[in-house]
Amino acid sequence: MMRFTLIELLVVIAIIAILASMLLPALNQAREMGRSAVCLSNLKQAGFAIAMYADDSDGFLPHGVSWAAGGYPQAWQPATAPYLGISPGAPDWNAKRWWDRKVNSHLFCPSTDWPPNEPTYGANVPYVMTMWDFTPNERKSLAKTDPDVFLVGDANYNGIMSPYYWPLNRDYDGDGIMDSYHEVFPTYPFNYGTPKRHRNSGNYLFPDGHTARLPFADWLNNQNGMWGPDS
Numbered sequence: 023m024m025r026f027t028l029i030e031l032l033v034v035i036a037i038i039a040i041l042a043s044m045l046l047p048a049l050n051q052a053r054e055m056g057r058s059a060v061c062l063s064n065l066k067q068a069g070f071a072i073a074m075y076a077d078d079s080d081g082f083l084p085h086g087v088s089w090a091a092g093g094y095p096q097a098w099q100p101a102t103a104p105y106l107g108i109s110p111g112a113p114d115w116n117a118k119r120w121w122d123r124k125v126n127s128h129l130f131c132p133s134t135d136w137p138p139n140e141p142t143y144g145a146n147v148p149y150v151m152t153m154w155d156f157t158p159n160e161r162k163s164l165a166k167t168d169p170d171v172f173l174v175g176d177a178n179y180n181g182i183m184s185p186y187y188w189p190l191n192r193d194y195d196g197d198g199i200m201d202s203y204h205e206v207f208p209t210y211p212f213n214y215g216t217p218k219r220h221r222n223s224g225n226y227l228f229p230d231g232h233t234a235r236l237p238f239a240d241w242l243n244n245q246n247g248m249w250g251p252d253s
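Anchor point for the sequence shown: position 158 equals 180 in the numbering used here, and the numbering is continuous, going up by one each time.
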């Protein structure tokens, strides 16, 4: 029976280790591509729910950031939860349990390790969806007037604050380019957005219902007016 020397075994182990190290990045990339695809599907589902909400609300989109406390309107996640089949008879945002990933996986990105029961998608605030007030939101017709403005994108809060509302005056990633607002820096960089979640890109939902993965540079530079007008 043929026997291997210790040196031969070590050589084989070394070769296997080298091959594994070469394959691992490709496997990780493939795994992330799969998670990103699920994320885009989640955003598309959110788009259907937002559209149905608007149809039942005289064409107006839901609010971006609000907890329905003190009579304020509900934020977009609990407001659209019934259209996703989540606790349609629940009396308030808390009872809807929209924030529970076991109940509502559609509103959570699989690529994030953000704490459970915390939002992982945020609305474009305040141009598309407003905050803690009764200011009218944009209408569903935004698909015709501003089709390149995103509605919802990767985030770690209910809303992503527009750079026109919260100016970018801090550099989070150390590349010399301002990318975050100072009041929530560094806990919540990128104005509550996570535009680098998917291999230096983020996923976004647009008014006509389509979704897209866009590079961080697009988010930073308001490419194609994705944030809306400078106002």
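Using N, Cα and C, we set each Cβ at its ideal position, and we do this for glycine too.
**Asked** In the segment 185-244, which residue ranges form an unbroken alpha helix (DSSP H) of at least 4 residues, counting only runs that do not cross its ends?
**Response** 238-243
**Request:** Could you check the C-alpha separation between Trp-249 and Asn-50 for me, to the nearest Å?
**Result:** As a first step, residue 249 must be located in the sequence shown, where it is residue number 227. As a first step, residue 50 must be located in the sequence shown, where it is residue number 28. Between Trp-249 and Asn-50, the C-alpha separation is close to 31 angstroms.
**Asked** How is Asn-178 classed by DSSP in three states: helix, strand or coil?
**Response** Reading the sequence shown from its first residue, position 156 is the one you call residue 178. Three-state DSSP puts Asn-178 in coil, outside helix and strand.
**Message:** Is the separation between the beta-carbon of Asp-230 and that of Ala-145 shorter than 8 angstroms?
**Reply:** As a first step, residue 230 must be located in the sequence shown, where it is residue number 208. As a first step, residue 145 must be located in the sequence shown, where it is residue number 123. Contact: no.
**Request:** Output the distance between the C-alpha atoms of Arg-123 and Pro-148, rounded to the nearest integer angstrom.
**Result:** For the purposes of this step, residue 123 is taken as residue 101 along the sequence shown, with counting starting at 1. For the purposes of this step, residue 148 is taken as residue 126 along the sequence shown, with counting starting at 1. Each residue's alpha carbon lies about 26 angstroms from the other.
**Asked** Excluding the five sequence neighbours on either side, which residues of its own chain have a C-beta within less than 6 angstroms of the C-beta of Tyr-203, listed in chain order?
**Response** In the sequence shown, the residue the question calls residue 203 occupies position 181. So the qualifying residues of the chain are Trp-188 and Asn-213.
**Prompt:** Considering only the beta carbon of each residue, do Ala-68 and Leu-31 sit closer than 8 angstroms?
**Reply:** The sequence position of residue 68 within the sequence shown is 46, counting from 1. The sequence position of residue 31 within the sequence shown is 9, counting from 1. In this structure, Leu-31 does not lie closer than 8 angstroms to Ala-68 by Cβ.
**Asked** Asn-246: buried (16+ other C-beta within 10 angstroms of its C-beta) or exposed?
**Response** For the purposes of this step, residue 246 is taken as residue 224 along the sequence shown, with counting starting at 1. Exposed.
**Asked** Taking the C-alpha atoms as reference points, what is the distance between Phe-228 and Tyr-194?
**Response** Locating residue 228 in the sequence shown gives position 206, counting from the first residue. Locating residue 194 in the sequence shown gives position 172, counting from the first residue. Roughly 27 angstroms between the two C-alpha positions.
**Asked** Going by DSSP, what residues sit across from Phe-82 in a beta bridge?
**Response** Counting from 1 along the sequence shown, the entry for residue 82 is found at position 60. Paired residues: Arg-161.
**Asked** Going along the chain, which residues of its own chain have a beta-carbon closer than 6 angstroms to the beta-carbon of Ser-253, five neighbours each way excluded?
**Response** Taking the sequence shown and counting its residues from 1, one reaches residue 253 at position 231. Because Ser-253 sits at a pLDDT of 47, beneath the cut-off of 50, its placement in the model cannot be relied upon, and the point is left open.
**Item:** Short Cβ contact (8 angstroms threshold) for Ile-72 with Leu-236
**Value:** Taking the first residue of the sequence shown as 1, we reach residue 72 at position 50. Taking the first residue of the sequence shown as 1, we reach residue 236 at position 214. Contact: no.
**Prompt:** Helix, strand or coil for Met-183 per DSSP?
**Reply:** Within the sequence shown, numbered from 1, the residue matching residue 183 stands at position 161. In the structure shown, Met-183 sits in a strand (DSSP, three-state: E or B).
**Message:** Can you look up Trp-249 in the DSSP assignment and give me helix, strand or coil?
**Reply:** Translated into positions along the sequence shown, residue 249 becomes position 227. In this structure, Trp-249 counts as coil in the three-state DSSP scheme.
**Prompt:** Between Lys-66 and Ala-59, what straight-line distance do the alpha-carbon atoms span, to the nearest angstrom?
**Reply:** As a working note, residue 66 is residue 44 in the sequence shown. As a working note, residue 59 is residue 37 in the sequence shown. Approximately 11 angstroms between the Cα atoms of the pair.
**Message:** In whole angstroms, give me the CA-to-CA distance for Tyr-179 and Gly-81.
**Reply:** Locating residue 179 in the sequence shown gives position 157, where the first residue counts as 1. Locating residue 81 in the sequence shown gives position 59, where the first residue counts as 1. Rounded to whole angstroms, Tyr-179 to Gly-81 spans 25 angstroms at the Cα level.
**Request:** Inspect the beta-carbon positions of Met-153 and Gly-86 and report whether they are closer than 8 angstroms.
**Result:** Translated into positions along the sequence shown, residue 153 becomes position 131. Translated into positions along the sequence shown, residue 86 becomes position 64. Yes. Within cutoff.
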